[in-house]
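Visitor:
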Amino acid sequence: QQKVQQSPESLIVPEGGMASLNCTSSDRNVDYFWWYRQHSGKSPKMLMSIFSNGEKEEGRFTVHLNKASLHTSLHIRDSQPSDSALYLCAAGGNYNQGKLIFGQGTKLSIKP
Amino acid sequence: NSKVIQTPRYLVKGQGQKAKMRCIPEKGHPVVFWYQQNKNNEFKFLINFQNQEVLQQIDMTEKRFSAECPSNSPCSLEIQSSEAGDSALYLCASRTNTGQLYFGEGSKLTVL
Numbered sequence: 003q004q005k006v007q008q009s010p011e012s013l014i015v016p017e018g019g020m021a022s023l024n025c026t027s028s029d030r031n032v033d034y035f036w037w038y039r040q041h042s043g044k045s046p047k048m049l050m051s052i053f054s055n056g057e058k059e060e061g062r063f064t065v066h067l068n069k070a071s072l073h074t075s076l077h078i079r080d081s082q083p084s085d086s087a088l089y090l091c092a093a094g095g096n097y098n099q100g101k102l103i104f105g106q107g108t109k110l111s112i113k114p
Numbered sequence: 013n014s015k016v017i018q019t020p021r022y023l024v025k026g027q028g029q030k031a032k033m034r035c036i037p038e039k040g041h042p043v044v045f046w047y048q049q050n051k052n053n054e055f056k057f058l059i060n061f062q063n064q065e066v067l068q069q070i071d072m073t074e075k076r077f078s079a080e081c082p083s084n085s086p087c088s089l090e091i092q093s094s095e096a097g098d099s100a101l102y103l104c105a106s107r108t109n110t111g112q113l114y115f116g117e118g119s120k121l122t123v124l
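Sequence lines, in order, name chains A and B.
Numbering-wise (the numbering used here), the first sequence opens with residue 3 and increments by one.
Numbering-wise (the numbering used here), the second sequence opens with residue 13 and increments by one.
#1: Between the C-alpha atoms of N84(B) and Q64(B), what's the straight-line distance to the nearest angstrom?
#2: Should T73(B) be flagged as near chain A, meaning a C-beta pair shorter than 8 Å?
#3: Report the option in V15(A), V32(A), S54(A) whose CA atom is closest to the CA atom of G100(A).
#4: Among L49(A), A70(A), R79(A), Q82(A), which one has its Cα closest to the Cα of N55(A)?
#5: Mind checking whether S75(A) and S22(A) have CB atoms under 8 Å apart?
#6: How close, in whole Å, do the beta carbons of R107(B) and L101(B) come, if the pair is a contact with beta carbons under 8 Å?
#7: Excluding the 5 residues preceding and the 5 following A93(A) in the sequence, name in chain order all residues of the same chain whose CB lies nearer than 6 Å to its CB.
#8: Could you check what DSSP says for G83(B) in three-state terms: helix, strand or coil?
#9: Can you find a CB in chain A that lies within less than 8 Å of the CB of F55(B)?
#10: Could you tell me whether the Cβ atoms of L90(A) and Q40(A) are closer together than 8 Å?
#11: For my contact list, C25(A) and G105(A) are in at a C-beta cut-off of 8 Å; report their separation, rounded to the angstrom.
#12: Could you tell me the alpha carbon to alpha carbon distance between I52(A) and V123(B), rounded to whole angstroms?
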């Protein structure tokens with residue numbers, strides 16, 4: 003069964019620092035990855051998606067994808083207390099009719 | 013703000029009672045998903061629909077879970093006879109043609 007593994011399970015980063023989160027899929031048919039952020043008591047909100055090998059940057063957020071290793075990473079620079087949340091990685095593919103398989107998340111805490 | 017509307021936000025049921033949750037997906041989004049997020053933040057895919065038809069679903073052989081997405085009515089997820097292990101956040105999401113999922117705020121079920 004397809005699994006999506008995220009690491010670390012939890013992460014504490016000082017305000018202004020860089021947070022790096024990792025995600026790997028066990029399914030070689032995966033076509034793309036999505037990163038979602040879920041604040042406590044709220045629903046997940048899409049942060050970024052990545053479909054191709056390489057890097058994608060949007061503001062303070064950068065996503066990398068290595069399709070050969072099915073590994074993606076999310077980097078947050080100049081971390082803010084409002085970035086404290088659960089970060090979810092989801093993998094999907096056209097073979098799967100768009101169903102996303104979610105990892106268990108990385109709980110990020112930004113310390114002022 | 014999410015335009016996927018889920019009701020109720022909270023429901024409390026006794027073991028053996030029926031629990032029903034509703035979802036109005038965002039207009040124009042062709043596919044609707046239901047996920048279960050447990051207290052460990054683990055996401056479990058339950059079922060998805062396109063134009064009222066089931067695309068994929070988990071093995072619901074226990075027969076306690078049922079879902080439908082009729083035209084011109086909210087989608088619904090129903091648990092016939094709730095068990096303590098069903099306590100979770102039930103998230104409805106609608107998917108755009110580009111594959112992005114928009115989540116509702118969820119229905120938090122507590123089974124006493």
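By construction, the Cβ of each residue, glycine as well, lies at the ideal position given by its N, Cα and C atoms.
Just so you know, these numbers come straight off a predicted model, no measurement behind them.
Guide: Looking at the atomic coordinates:
#1: Working through the second sequence from its first residue, we reach residue 84(B) at position 72. Working through the second sequence from its first residue, we reach residue 64(B) at position 52. So the two alpha carbons sit approximately 10 Å from each other.
#2: Position 61 of the second sequence, counting from 1, holds the residue named residue 73(B). Low confidence applies to T73(B): its pLDDT is 46, below 50, so where it sits in the model is not reliable enough to give any reading.
#3: Along the first sequence, read from residue 1 onward, the residue named residue 100(A) stands at position 98. It is V32(A) whose Cα lies nearest to the Cα of G100(A).
#4: Walking along the first sequence from the start, residue 55(A) turns up at place 53. That would be A70(A), whose Cα lies nearest to the Cα of N55(A).
#5: As a position in the first sequence, residue 75(A) is number 73, starting the count at 1. As a position in the first sequence, residue 22(A) is number 20, starting the count at 1. Less than 8 Å divides the Cβ of S75(A) from the Cβ of S22(A).
#6: Taking the second sequence and counting its residues from 1, the one referred to as residue 107(B) is at position 95. Taking the second sequence and counting its residues from 1, the one referred to as residue 101(B) is at position 89. Not confirmed; about 19 Å, so no contact.
#7: If you number the first sequence from 1, residue 93(A) lands on position 91. Non-local beta-carbon contacts of A93(A) in its own chain, meaning distances under 6 Å to residues more than five positions away in sequence, involve V6, S27, V32, F35, I103 in chain order.
#8: Here the question's residue 83(B) lines up with position 71 in the second sequence. According to the sequence displayed, residue 83(B) carries Ser and not Gly. Correct three-state label for S83(B): coil.
#9: Walking along the second sequence from the start, residue 55(B) turns up at place 43. Taking Cβ atoms only, chain A reaches closer than 8 Å to F55(B), which makes this a yes.
#10: What you label residue 90(A) is simply residue 88 of the first sequence in a count that begins at 1. What you label residue 40(A) is simply residue 38 of the first sequence in a count that begins at 1. Contact flag set, yes.
#11: Here residue 25(A) refers to the residue found at position 23 when the first sequence is read from its first residue. Here residue 105(A) refers to the residue found at position 103 when the first sequence is read from its first residue. That belief holds up - the Cβ atoms of C25(A) and G105(A) are roughly 6 Å apart, short of 8 Å.
#12: Within the first sequence, numbered from 1, the residue matching residue 52(A) stands at position 50. Within the second sequence, numbered from 1, the residue matching residue 123(B) stands at position 111. The alpha-carbon atoms of I52(A) and V123(B) are separated by roughly 38 Å.
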